[in-house]
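The numbers in this note's numbering rise by one with no breaks, and the one at position 197 of the sequence shown is 197. Structure first, commentary second.
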Amino acid sequence: MEPFQKKVPVLHNVNVAPGYFKMGVAFPELGRIALPGQFVMVRVPDGRIPLLRRPFSILRQIVKGDEICGFELLYRVVGKGTGALSKLKGGDTLDVLGPLGNGFSCQDGIRSAFLVAGGIGITPLYYLAHFLCHQKKVRPSVFVGGKSASDILCREELNDISAQIRITTEDGSLGEKGIITSLVKKTIHADGKPDIIYACGPTPMLCTISKIAADHNIGCQVSLETVMACGFGACLGCAVENARSRGRYLHVCTDGPVFDSRAVIIRS
Numbered sequence: 001m002e003p004f005q006k007k008v009p010v011l012h013n014v015n016v017a018p019g020y021f022k023m024g025v026a027f028p029e030l031g032r033i034a035l036p037g038q039f040v041m042v043r044v045p046d047g048r049i050p051l052l053r054r055p056f057s058i059l060r061q062i063v064k065g066d067e068i069c070g071f072e073l074l075y076r077v078v079g080k081g082t083g084a085l086s087k088l089k090g091g092d093t094l095d096v097l098g099p100l101g102n103g104f105s106c107q108d109g110i111r112s113a114f115l116v117a118g119g120i121g122i123t124p125l126y127y128l129a130h131f132l133c134h135q136k137k138v139r140p141s142v143f144v145g146g147k148s149a150s151d152i153l154c155r156e157e158l159n160d161i162s163a164q165i166r167i168t169t170e171d172g173s174l175g176e177k178g179i180i181t182s183l184v185k186k187t188i189h190a191d192g193k194p195d196i197i198y199a200c201g202p203t204p205m206l207c208t209i210s211k212i213a214a215d216h217n218i219g220c221q222v223s224l225e226t227v228m229a230c231g232f233g234a235c236l237g238c239a240v241e242n243a244r245s246r247g248r249y250l251h252v253c254t255d256g257p258v259f260d261s262r263a264v265i266i267r268s
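Shown next as structure tokens:
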């Protein structure tokens with residue numbers, strides 16, 4: 001199905017933690033078909049920032065009654081583009097293109113899953129956790145890591161769907177002190193391995209998770225975060241090395257952003 005491109009109204013844009021915002025967008029056509037792991041390219045359309053579109057993972061559908069009326073984004077302010085985005089209010093207009101890319105693959109028969117998020121990487125994984133709980137009747141273990149407590153997002157939302165939440169912070173301000181990959185490894189040793197691991201976060205984290213999965217013969221899907229300008233594979237800005245075809249590349253925007261961890265070379 002071809003993606004939609006439309007100027008649509010912002011429903012809300014709320015500061016949920018220092019530097020982090022949650023934005024609701026009224027776009028029912030897109031919300032109805034977007035899959036966990038897919039993304040949108042957005043742009044503030046009034047010329048405040050004459051820059052290219054930016055990619056954002058979809059956090060969840062917005063449902064009112066029995067109707068899907070749009071979707072939510074969760075984003076971190078890191079520069080001019082996201083700074084301009086953070087200033088939008090309900091009723092303002094946003095230029096949205098999507099849904100783009102592939103999503104996470106959830107095979108029938110999955111009984112246990114580890115979802116491993118680093119910081120803002122929780123965004124597509126929350127959507128996946130909701131899908132697993134409601135559509136697959138699987139209660140996932142969600143591992144969330146960050147530098148401090150303010151980087152641990154979506155705790156209330158995860159509690160609402162009864163996901164098992166495990167948290168680490170580097171400064172020890174919430175959960176266990178340390179990094180999330182160490183907790184994943186410790187949990188596997190203590191409780192046994194899951195049927196599958198899904199991960200999204202910083203590149204070093206994805207490298208380690210991919211190795212843990214390989215060492216324990218666990219299927220693993222990773223959602224890659226990278227710079228992209230078009231969303232269609234034309235700009236070549238999001239190329240990643242193909243592990244199965246030496247010297248060839250895959251595009252995060254069209255071949256991903258979700259990959260089997262054995263299919264790509266992730267360099268930290």
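Ideal placement from N, C-alpha and C gives every residue a C-beta, glycine not left out.
In terms of Cβ geometry, Ile-197 and Ala-214 do not form a close pair [threshold 8 Å]. About 23 Å separates the CB atoms of Arg-60 and Asp-195; that is not less than 8 Å, and the two are not in contact.
According to DSSP, Lys-185 shares a beta bridge with no other residue.
The three-state secondary structure of Ala-263, taken from DSSP, is coil. For Cys-238 against Thr-226, the beta-carbon gap comes to about 5 Å, under 8 Å, which counts as contact. Here Thr-169 carries a strand assignment [DSSP, helix/strand/coil]. In the three-state DSSP reduction, Arg-76 falls in the strand class (E or B). Judged by beta-carbon spacing, Leu-158 lies beyond the 8 Å limit of Val-184, meaning their Cβ atoms are not closer than that value. Counting of Cβ neighbours within 10 angstroms places Asp-160 among the exposed residues, the total staying below 16. Unbroken beta strand (DSSP E) runs of no fewer than 3 residues, entirely contained in the region 23-61, are found at 39-43, following chain order. Between the alpha carbons of Glu-156 and Ala-17 lies a distance of about 13 Å. Between Asp-95 and Arg-43, the C-beta gap is smaller than 8 Å, which places the two residues in contact.
Comparing C-alpha distances from Thr-169 to each of Met-41, Ile-152, His-251 shows the shortest one belongs to Ile-152. A residue is called buried once 16 or more other Cβ atoms fall within 10 Å of its Cβ, and Ser-210 is buried on that count. Distance between Ile-68 and Gly-247, taken at the CA atoms: about 43 Å. At a cut-off of 4 residues, the continuous stretches assigned as alpha helix (DSSP H) that sit fully inside the region 117-172 are 122-135, 155-160. It is roughly 19 Å from the alpha-carbon of Ala-163 to the alpha-carbon of Gln-221.
Straight through space, the alpha carbons of Pro-28 and Gly-91 are spaced by roughly 16 Å. The Cβ-Cβ distance between Pro-99 and Val-40 falls below 8 Å.
The C-alpha of Gln-38 lies about 22 Å from the C-alpha of Ala-243.
With a beta-carbon spacing of about 6 Å, Pro-45 and Thr-93 fall inside the 8 Å limit used to define contacts. Short of 6 Å from the beta carbon of Phe-114, and not among the five residues preceding or following it, lie these beta carbons of its own chain, in chain order: Ser-141, Pro-194, Ile-197. Excluding five sequence positions before and after Tyr-126, the CB atoms of its chain that fall closer than 7 Å to its own CB belong to Leu-59, Arg-60, Cys-154, Glu-157, Leu-158, given in chain order.
For Lys-211, the enclosing alpha helix (DSSP H) covers residues 203-215.
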